[in-house]
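Student: The structure is given below, and queries will be raised subsequently.
In our numbering, the protein residues as written are 109 to 226.
Have a look at this one:
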């Protein structure tokens, strides 16, 4: 791996990222190599920043199984968050403040307009 300016010959650790803006992407940078994977399609692109800083000429990602293995290991180590029910009940004072700010809307009031005939 390439050493960063100002550092001695210590090993440079890989940097991982995950982006969910225009798709579902993850990447790893290790030294001058940047591997990007589209999680929706499974396609990967590999770039060598020492030769292609603007990432215009992808290399063969399959040729760098080590980076692919890093992404796979990182992904398998992630623990998905379990959705759970809210366990917090705000005090009446906090509920009034949240309603005044527009965060909640009469959660305890009836959905029928007042004065309606039965």
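Just so it is clear, CB atoms sit at the ideal spot from N, CA and C, and this is done for glycine as well. In this text, all values refer to a predicted model and were calculated from it rather than measured experimentally.
In terms of alpha-carbon separation, which member of 138, 139, 144 and 120 lies closest to residue 127?
Tutor: Position 19 of the chain shown, counted from the first residue, corresponds to residue 127. Of the listed residues, the one whose Cα sits closest to residue 127 is 144.
Student: Determine the DSSP secondary structure at residue 176, reduced to helix, strand or coil.
Tutor: Stepping through the chain shown from its first residue, residue 176 is reached at position 68. Three-state DSSP puts residue 176 in a helix.
Student: Could you spell out where the alpha helix (DSSP H) holding residue 207 opens and where it closes?
Tutor: As a first step, residue 207 is located in the chain shown; it is residue number 99 there, counting from the start. First-last of the alpha helix (DSSP H) with residue 207: 200 to 209.
Student: Quick check: residue 154 and residue 175, are their CB atoms within less than 8 Å of each other?
Tutor: Within the chain shown, numbered from 1, the residue matching residue 154 stands at position 46. Within the chain shown, numbered from 1, the residue matching residue 175 stands at position 67. Closer than 8 Å, so yes.
Student: Let's see if you can read the secondary structure: which residues bound the beta strand (DSSP E) around residue 137?
Tutor: Stepping through the chain shown from its first residue, residue 137 is reached at position 29. Counting along the chain, the beta strand (DSSP E) containing residue 137 begins and ends at 133 to 138.
Student: So, residue 206 versus residue 198, is the Cβ gap smaller than 8 Å?
Tutor: Along the chain shown, one-based indexing puts residue 206 at 98. Along the chain shown, one-based indexing puts residue 198 at 90. Yes, the Cβ-Cβ distance between residue 206 and residue 198 is below 8 Å.
Student: Between which two residues does the beta strand (DSSP E) containing residue 148 stretch?
Tutor: Numbered from its first residue, the chain shown carries residue 148 at position 40. From DSSP, residue 148 is part of no beta strand (DSSP E); its letter is neither H nor E.
Student: With burial defined as no fewer than 16 other Cβ atoms inside 10 Å of the residue's Cβ, what is the status of residue 202: buried or exposed?
Tutor: The sequence position of residue 202 within the chain shown is 94, counting from 1. Under this definition residue 202 is an exposed residue.
Student: What's the gap between the Cα of residue 181 and the Cα of residue 213?
Tutor: Counting from 1 along the chain shown, the entry for residue 181 is found at position 73. Counting from 1 along the chain shown, the entry for residue 213 is found at position 105. Those two C-alpha atoms are separated by around 45 Å.
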